[in-house]
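Asks: Sharing a structure with you now.
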Amino acid sequence: MIEKPFSQACQNNRQPILEILQSYLTVQSYLTEGATKSHYVHESLSRPVRVFEMGSGTGQHAVYFGEHLPEVLWQCADLPVHHEGINAWIDEYTEKGFKNITRPIAFDVNQSVWPQQKFNALFTANTLHIMSWQSVEVFFSRIREILDTNCRVFIYGPFNYNGQFTSESNAQFDLWLKSQNPHSGIRDFEAVADLAKTARLHLLADHEMPANNRLLVFGNTQR
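With positions in the sequence shown counted from 1, the corresponding number in our numbering is that position plus 1018.
The following block contains the structure:
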């Protein structure tokens, strides 16, 4: 048995992220377009809720969210190099009797063939600043291929606002990212929101998260 990969960042952010996911995937309380934060509409996603996780990484998020969202079917997806580690976490998870996480599939945003299956929601954490901006554009141009009409998209990570870093630590992180890959970098919130709009996805919420991160929630409830 291989040693399970571990990310301290995943360990730290999993509970704050879960609390947001629960409010959308469990209670089905969604902001209507143009509504105030006190005006909610209750609209159920089809059951069971199928979530596609782009960039499952270590697999820690999948097993933690799967355990606390038992009515959700969670599809892991990442580059093949990460599959062994993800499967190690899933192996331990299934030994506890849970069956709502699917083995990872090979996925690269830039590959020509995307999954044929439709999902109710997509979740991704700390991926947009790793990907090149061209890949981010491809992601949004094709995202609706795998999403149901009534869908939610959850994007976690750091973002800039009005072209400015939200903290000195984010500015330093951006420098480090670019030292690893000149095409990486913290993305501008406004540019990401514009790409989402072209995919007919409307911003439902922009949640402030610990450690200068955000959780953006996009959706389309139009049928």
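Note that CB positions come from ideal geometry on N, CA and C, so glycine has one too.
Compute the Euclidean distance between the alpha carbons of residue 1138 and residue 1193, then round it to the nearest angstrom.
Replies: Taking the first residue of the sequence shown as position 1, residue 1138 is located at position 120. Taking the first residue of the sequence shown as position 1, residue 1193 is located at position 175. Cα to Cα, residue 1138 sits roughly 35 Å from residue 1193.
Asks: Using 8 Å as the cut-off, can you tell me whether the stretch 1092-1106 makes contact with the stretch 1117-1124, which would need three or more C-beta pairs spanning the two stretches below that distance?
Replies: yes
Asks: Does the count of Cβ pairs from the stretch 1102-1122 and the stretch 1147-1163 closer than 8 Å reach three?
Replies: Counting C-beta pairs with one atom in each stretch, the stretch 1102-1122 and the stretch 1147-1163 have fewer than three that are closer than 8 Å, which means they do not touch.
Asks: Which residues does DSSP list as the beta-bridge partners of residue 1071?
Replies: Taking the sequence shown and counting its residues from 1, one reaches residue 1071 at position 53. According to DSSP, which records beta bridges pairwise, residue 1071 is partnered with 1094, 1141.
Asks: As a quick exercise: from 1188, 1186, 1206, 1201, pick the residue whose alpha carbon is nearest that of residue 1180.
Replies: For this step, residue 1180 is matched to residue 162 along the sequence shown. Checking every option, the nearest Cα to that of residue 1180 belongs to 1206.
Asks: Can you give the Cα-Cα distance for residue 1117 and residue 1197, rounded to whole angstroms?
Replies: The residue labelled residue 1117 in the question sits at position 99 within the sequence shown. The residue labelled residue 1197 in the question sits at position 179 within the sequence shown. C-alpha separation (whole angstroms): 40 Å.
Asks: Beta-carbon separation of residue 1072 and residue 1142 under 9 Å?
Replies: One-based indexing of the sequence shown puts residue 1072 at position 54. One-based indexing of the sequence shown puts residue 1142 at position 124. Closer than 9 Å, so yes.
Asks: Residues bridged to residue 1224 by DSSP?
Replies: Indexing the sequence shown from 1 puts residue 1224 at position 206. DSSP, once it has assigned bridges, lists 1234 as partnering residue 1224.
Asks: Tell whether a beta-carbon distance below 9 Å holds between residue 1020 and residue 1106.
Replies: As a first step, residue 1020 must be located in the sequence shown, where it is residue number 2. As a first step, residue 1106 must be located in the sequence shown, where it is residue number 88. Yes. Within cutoff.
Asks: Mind reading off the beta-carbon distance from residue 1174 to residue 1233? Whole number of angstroms is fine, and I expect it under 8 Å.
Replies: In the sequence shown, residue 1174 corresponds to position 156, counting from 1. In the sequence shown, residue 1233 corresponds to position 215, counting from 1. That belief holds up - the Cβ atoms of residue 1174 and residue 1233 are roughly 5 Å apart, short of 8 Å.
Asks: Please report how far the alpha carbon of residue 1041 lies from the alpha carbon of residue 1034, in whole angstroms.
Replies: As a first step, residue 1041 is located in the sequence shown; it is residue number 23 there, counting from the start. As a first step, residue 1034 is located in the sequence shown; it is residue number 16 there, counting from the start. If you take the alpha carbons of residue 1041 and residue 1034, they lie about 11 Å apart.
Asks: I'd like the ranges of any alpha helix (DSSP H) spanning at least 4 consecutive residues and lying wholly in the stretch 1131-1211.
Replies: With a minimum length of 4 residues, the continuous alpha helix (DSSP H) runs that stay inside the stretch 1131-1211 are 1151-1160, 1186-1198.
Asks: What is the rounded straight-line gap between the Cα of residue 1029 and the Cα of residue 1043?
Replies: If you number the sequence shown from 1, residue 1029 lands on position 11. If you number the sequence shown from 1, residue 1043 lands on position 25. Using only the alpha carbons, I get a separation of about 21 Å.
Asks: Give the straight-line distance between the Cα atoms of residue 1215 and residue 1024, rounded to the nearest whole angstrom.
Replies: Taking the sequence shown and counting its residues from 1, the one referred to as residue 1215 is at position 197. Taking the sequence shown and counting its residues from 1, the one referred to as residue 1024 is at position 6. Taking the straight line joining both Cα atoms gives about 35 Å.
Asks: For residue 1124, write down the residues that DSSP places opposite it in a beta bridge.
Replies: In the sequence shown, counting from the first residue as 1, residue 1124 sits at position 106. Note: residue 1124 sits in a beta bridge opposite 1096.
Asks: Please classify residue 1182: is it buried, with 16 or more other beta-carbons within 10 angstroms of its beta-carbon, or exposed?
Replies: Taking the sequence shown and counting its residues from 1, one reaches residue 1182 at position 164. Residue 1182 is exposed by the Cβ-count criterion.
Asks: Are there 16 or more other CB atoms within 10 angstroms of the CB of residue 1048, so buried, or fewer, so exposed?
Replies: In the sequence shown, residue 1048 corresponds to position 30, counting from 1. Here residue 1048 scores only 38 on pLDDT, less than 50, and its place in the model should not be relied on; the value that follows carries that caveat. Buried, by the Cβ-count rule.
Asks: For residue 1140, I'd like the list of residues in its chain whose CB is within less than 6 Å of its CB, leaving aside the five on either flank, ordered along the chain.
Replies: For the purposes of this step, residue 1140 is taken as the residue at position 122 of the sequence shown. Within the same chain, residue 1140 has close Cβ partners 1070, 1171.
Asks: Under 6 Å Cβ to Cβ from residue 1038, same chain only, skipping five residues before and after it: list those, please.
Replies: The sequence position of residue 1038 within the sequence shown is 20, counting from 1. 1225, 1233, listed in sequence order.
Asks: What residues in its chain sit with their C-beta under 6 Å from that of residue 1211, if we drop five residues either side in the sequence?
Replies: Counting from one through the sequence shown, the residue named residue 1211 turns up at place 193. The answer, listed in chain order, is 1221.
Asks: Using beta-carbon positions only, say whether residue 1068 and residue 1036 come within less than 9 Å of one another.
Replies: If you number the sequence shown from 1, residue 1068 lands on position 50. If you number the sequence shown from 1, residue 1036 lands on position 18. No, they are not a contact pair.
Asks: Under the assumption that residue 1176 contacts residue 1147 (Cβ atoms under 8 Å), give the Cβ distance between them as a whole number of angstroms.
Replies: As a position in the sequence shown, residue 1176 is number 158, starting the count at 1. As a position in the sequence shown, residue 1147 is number 129, starting the count at 1. 6 Å between Cβ atoms; contact.
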